[in-house]
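> One structure, pasted below without further comment.
Residue numbers (my numbering), protein chains in the order written: chain A, -13 to 112; chain B, 118 to 270.
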C-alpha cells in the first residue's frame, strides 16, 4: 500500500525506544460513540458494523474485525442527558469475538437510555 | 477509488476507509425478534461500515463471518485459528444500500431469525425506514412486530 512505513521500533532522540507492538496492541480495535435515545444513531466509530437497540438502555455493538478470543478489554461509559450530565452505571453483559452487549442503569438500578453512550474495545484481533 | 486490497489485513483496510470515505447514514432499520421473552430489537447500520460496503473492495464476504461463528460455537473453542479468512479472502465489490442491509442482516442478526424470518404466525423480522418506528420510547420494552404485518410476495 502506498505511504506505508514498516518499522519494528520507534526511537525518540532522548526518551528512549519502544517496539511498534506497543502501538498496535495499545490501539483500540473498535470504538463507538452513539446516541442511545430516540431512533439510536452512531455519532462516530471505528471497526463497527452495526449497533442493536435491544431494549431500554441495552445495546449490542457488532464488530467489523472479529477478536481472536472473547478475552478483550472493554470500557463502556455514558451520560443520560447532555444538559444534566449525570452519570450512568454501565456493564458489559456478554462477550463474543464478534459482538458485545452492554447495559446502562440509572441511580435506582433501572435500565436507562443513554444520550451519550461510548464503547471502546482493546484486544487481539483474529 | 478503493485501492487493490487483496491480501491486506482487514484492520488496514478499515483504517484506509476511515481516512478516505464519507460516512453514510442509512435510513433503513431492521426490526427483529429473536426470543419470545424479549421485546423487538432494532439493528442500525454503522455509517462508516455502510461507506465501506458501498465503496466495495474493503469488506470480506459474509460467509467468512459464518465460518468464524461456526468455530466459536464449538464447545472446545478458545481462540480463532482461521482469522486469516478475514484478511486473505478477496474483498467483495460495491453494494447498493439495500444489498448492504441484506449483508448486514446475514452478519449481525441471529441466523435462526433471518433463515426462517417468515415462518410461523407472523414475520420475525422487518426492514423499515426509521420514520416508521415509534416516535417515543416510553413503552420501549414492550415493542413487538405487529401481527398485522403482511409479507410482500
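We put the beta carbon where it would ideally sit given N, CA and C, even for glycine.
Using DSSP's beta-bridge definition, name the partner residues of residue 246/B.
Here residue 246/B corresponds to residue number 129 of the second chain, with the count starting at 1. Beta-bridge pairing links residue 246/B to 145/B.
> What would DSSP say about residue -2/A, mapped onto helix, strand or coil?
In the first chain, the residue the question calls residue -2/A occupies position 12. In this structure, residue -2/A counts as strand in the three-state DSSP scheme.
> Specify the secondary structure class of residue 89/A as computed by DSSP and reduced to three states.
For this step, residue 89/A is matched to residue 103 along the first chain. Three-state result, residue 89/A: strand.
> Return yes when the Cβ of residue -1/A is within less than 8 Å of the Cβ of residue 17/A, no when it is not.
In the first chain, residue 17/A corresponds to position 31, counting from 1. In the first chain, residue -1/A corresponds to position 13, counting from 1. Result no, Cβ atoms of residue 17/A and residue -1/A do not sit closer than 8 Å.
> Interface residues of chain A around residue 159/B at Cβ under 8 Å?
Taking the second chain and counting its residues from 1, one reaches residue 159/B at position 42. The answer, in chain order, is 25, 26, 38 and 39.
> Only counting the same chain, and skipping five residues up and downstream in sequence, which positions put a Cβ closer than 7 Å to that of residue 161/B?
Reading the second chain from its first residue, position 44 is the one you call residue 161/B. These residues qualify, in order along the chain: 146.
> Does any residue of chain A bring its CB to less than 8 Å from the CB of residue 221/B?
To locate residue 221/B, count along the second chain from 1; it is residue 104. At least one chain A Cβ lies under 8 Å of residue 221/B.
> For residue 264/B, name the three-state secondary structure that DSSP assigns.
Position 147 of the second chain holds residue 264/B. Reduced to three states, the DSSP call for residue 264/B is coil.
> Kindly indicate if chain A contains any beta-carbon less than 8 Å away from that of residue 185/B.
In the second chain, counting from the first residue as 1, residue 185/B sits at position 68. Yes, residue 185/B lies at the interface with chain A (some Cβ there is under 8 Å from its Cβ).
> Closest to residue 28/A by C-alpha separation, out of 112/A, 109/A, 108/A and 104/A, would be which residue?
As a working note, residue 28/A is residue 42 in the first chain. Answer by Cα proximity: 104/A.
> Using a beta-carbon distance below 8 Å, is residue 111/A in contact with chain B?
For the purposes of this step, residue 111/A is identified with residue 125 of the first chain, where counting begins at 1. Chain B contact via Cβ: present.
> Determine the extent of the beta strand (DSSP E) in which residue 62/A is found, giving its start and end residues.
Position 76 of the first chain, counting from 1, holds the residue named residue 62/A. Element bounds for residue 62/A: 59 to 65.
> Evaluate contact between the segment 196 to 205 of chain B and the segment 241 to 250 of chain B, counting only Cβ atoms and requiring at least three cross-stretch pairs below 8 Å.
Flag = no, the segment 196 to 205 of chain B and the segment 241 to 250 of chain B do not touch.
> Against chain A, with Cβ distances strictly below 8 Å, would residue 257/B count as a contact?
Counting from one through the second chain, the residue named residue 257/B turns up at place 140. Residue 257/B counts as touching chain A.
> Runs of 4 residues minimum, wholly inside the segment -6 to 54 of chain A: which ones carry the alpha helix (DSSP H) assignment?
If we require 4 residues or more, the alpha helix (DSSP H) runs fully inside the segment -6 to 54 of chain A come out as 6 to 12.
> How would you call residue 47/A, buried or exposed, if buried means at least 16 neighbouring beta carbons within 10 angstroms?
Position 61 of the first chain holds residue 47/A. Buried, because 16 or more other Cβ atoms sit within 10 Å of the Cβ of residue 47/A.
> Using a beta-carbon distance below 8 Å, is residue 135/B in contact with chain A?
Your numbering for residue 135/B matches position 18 in the second chain. Interface residue, yes.
> When you compare each of 221/B, 263/B and 189/B to residue 168/B by their alpha carbons, which one comes out closest?
Taking the first residue of the second chain as position 1, residue 168/B is located at position 51. Of 221/B, 263/B and 189/B, the residue nearest in Cα terms is 221/B.
> For residue 206/B, I'd like the list of residues in its chain whose CB is within less than 7 Å of its CB, leaving aside the five on either flank, ordered along the chain.
Residue mapping note: residue 206/B aligns to position 89 of the second chain, counting from 1. Result list for residue 206/B: 177, 178 and 181, in chain order.
> Does residue 131/B have its Cβ less than 8 Å from a Cβ in chain A?
For the purposes of this step, residue 131/B is identified with residue 14 of the second chain, where counting begins at 1. With 8 Å as the cut-off, residue 131/B counts as an interface residue toward chain A.
> Any idea what DSSP makes of residue 104/A, helix, strand or coil?
Within the first chain, the letter at position 118 stands for residue 104/A. It is a strand residue.
> Cα separation between residue 194/B and residue 112/A?
Residue mapping note: residue 194/B aligns to position 77 of the second chain, counting from 1. Residue mapping note: residue 112/A aligns to position 126 of the first chain, counting from 1. C-alpha separation (whole angstroms): 13 Å.
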